[in-house]
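Worksheet: the structure to be examined is printed underneath.
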Amino acid sequence: MRTVPGVDLAPCLELDAAAVDPDDVGPTLARLTTGWRLRIVGPEREVLLLRAAALAHGALDEEITTEITTEVLGTGVRTVYCAACHHPFPTTGTAARCPGCGTDLDVADHVSRRHGAFLGVPR
Amino acid sequence: MHDLRPGDRVRARSPRSSFTPVETAAHHILVAGGVGVTPLLSHARWHAFWGHSFEVLAVGAPHLDVLRALGPVTVARDRRKMADLLGPVVGTAPWKSHVYTCGPPGLIAAVAAAARAAHWVGARVHAEPFVAEPAGGPFEVVLRRSRRRVRVAAGETLLDAVDRVGVAAPRLCRQGVCGECLTGLVGGTADHRDHVDAAEEGRIALCVSRAAPGETLEIDL
């Protein structure tokens, strides 16, 4: 845990987004007390998904900090949320065909905190 | 309201509140000071009905027998004893807790301080003061669309002054809670007293807010 001399820092749980399954974050958080902060570190896609899971389990925006370790943002694998059928799927680049419904999608810059995904807009 | 008689027809809408339990909370801490217990009785009944985890901290509050029948209640003899209670309660509260205080401003401040000391973020701390805010001094307001200049007397609300000159304005709660009377603030600096963050939208709650000292307001009415 980080310390700063003379400052009473909030206790902080560091989560390695590449190693923690978003489905497991609920029980992990349930062991904390209110006042704890979360620091989520890892590649962009995993950080967004873990952050979305933490929010779904009652964490607040103000309690979460993130650090993306991907070298260049937006160049790695991203989760895309299909606007046509709501299927989330991983992809790279700015265009993709949804494996759920076959719709051709443009990947927008809009990212959803709740889904941890970028919006896929039908062409 | 006072002109109504039994049998009169009224138009009603569902209630609105700025002091509601947070649905996602894992545990609710209700802090009641004196008659501030009133809204928290409703909270406690709601939590007991739905089986939510909650506890009550009370100081000088009536209806303790009702609360005790609903869930755990801890009573502090005075404000200082309450301060001693608060630290351990918020310091050990489970993840996803929220605290709700209704009472005098001093109690609300004490709860906020205890929560801050336990590193709680502000969004988990809720309060409803039951002491009316002091009235302000007189000021002038320009109603831009009506091309009127109205003097608001000390002790008169902006909404009452607008009514007095016959300009129609929306309203509902008259307590700065519902947001119905929010009106565009075009000029002047306001003393915002609403609970719906009108200032962030560049608007003003006619029912409770006033001009800052020495300011003349211009509103989109």
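Protein sequences appear in the order of chains A and B. Residue numbering for the first sequence follows my numbering, beginning at 112 and increasing consecutively. Residue numbering for the second sequence follows my numbering, beginning at 19 and increasing consecutively. Note that beta-carbon positions come from the ideal geometry of N, C-alpha and C, so glycine has one too.
Between the beta-carbon of residue 121/A and that of residue 146/A there is about 6 Å, and that keeps the pair under the 8 Å contact cut. In this structure, the alpha-carbon of residue 156/A lies about 6 Å from that of residue 188/A. Interface criterion met: the Cβ of residue 42/B is under 8 Å from a Cβ in chain A. Three or more Cβ pairs drawn from the segment 108 to 118 of chain B and the segment 128 to 144 of chain A lie within less than 8 Å of each other, which places the two stretches in contact. Contact residues of the segment 131 to 158 of chain B toward chain A are 133, 135, 136, 137, 138, 139, 140, 141 and 142 (C-beta to C-beta distance below 9 Å).
Minimum Cα-Cα distance from residue 148/A among the listed residues 113/B, 196/B and 182/B corresponds to 113/B.
Spatial neighbours of residue 194/A in its own chain (CB-CB distance under 7 Å, excluding positions within 5 residues in sequence) are listed in chain order as 230, 231, 232 and 233. The DSSP assignment places complete beta strand (DSSP E) segments of no fewer than 3 residues inside the segment 131 to 168 of chain A at 148 to 153, in order along the chain. At the C-beta level, residue 236/B and residue 206/B come within 8 Å of one another. Secondary structure at residue 67/B: helix, using DSSP grouped into helix, strand and coil.
Under the DSSP assignment, residue 182/B falls in the alpha helix (DSSP H) whose first and last residues are 176 to 182.
Judged by DSSP in its simplified three-state form, residue 56/B adopts helix. Going by beta carbons, residue 214/B and residue 202/B fall outside the 8 Å limit. DSSP places residue 106/B in no beta strand (DSSP E) but in the uninterrupted alpha helix (DSSP H) bounded by 97 to 109. The alpha-carbon of residue 226/B is positioned some 19 Å away from that of residue 167/B. Here DSSP, grouped into helix, strand and coil, assigns residue 45/B to strand. Residue pairing by DSSP places residue 72/B opposite 46/B in a beta bridge. Under the Cβ distance rule, residue 122/A counts among the residues neighbouring chain B, one pair being separated by less than 8 Å. Just measuring C-alpha positions, the residue of 154/B, 161/B, 124/B and 135/B sitting nearest residue 146/B is 124/B. Exclusion of the five residues before and after residue 159/A leaves 227 as the residues of its chain whose Cβ lies within less than 6 Å of its Cβ. Taking a Cβ-Cβ threshold of 7 Å, none of the residues of chain A is close to residue 39/B; the smallest such distance is about 14 Å. Boundaries of the alpha helix (DSSP H) around residue 123/B: 123 to 135. Close to chain B, meaning a Cβ-Cβ distance shorter than 7 Å, are the following residues of the segment 166 to 178 of chain A: 169, 171, 173 and 174.
When the five nearest sequence neighbours on each side are left out, the beta carbons in the same chain lying within less than 7 Å of the beta carbon of residue 153/A are those of 127, 128, 129 and 180, in order along the chain. With distances taken between CA atoms, residue 230/B lies nearest to 170/B out of 187/B, 170/B and 25/B. DSSP places residue 124/A inside the beta strand (DSSP E), whose first and last residues are 123 to 127.
Interface residue (Cβ-Cβ distance to chain A less than 8 Å): residue 110/B is classified as such.
Annotation for residue 137/A: 168 place their beta carbon closer than 7 Å to its own, counting only its chain and skipping 5 residues before and after.
Going by beta carbons, residue 61/B and residue 118/B fall inside the 8 Å limit. Within chain A, no residue has its beta carbon less than 7 Å from that of residue 68/B; the closest one is some 16 Å off. Note that the C-beta distance between residue 238/B and residue 162/B is below 8 Å. Between residue 72/B and residue 48/B, the gap from beta carbon to beta carbon is short of 8 Å. Per DSSP, the continuous alpha helix (DSSP H) segment holding residue 82/B begins and ends at 82 to 88.
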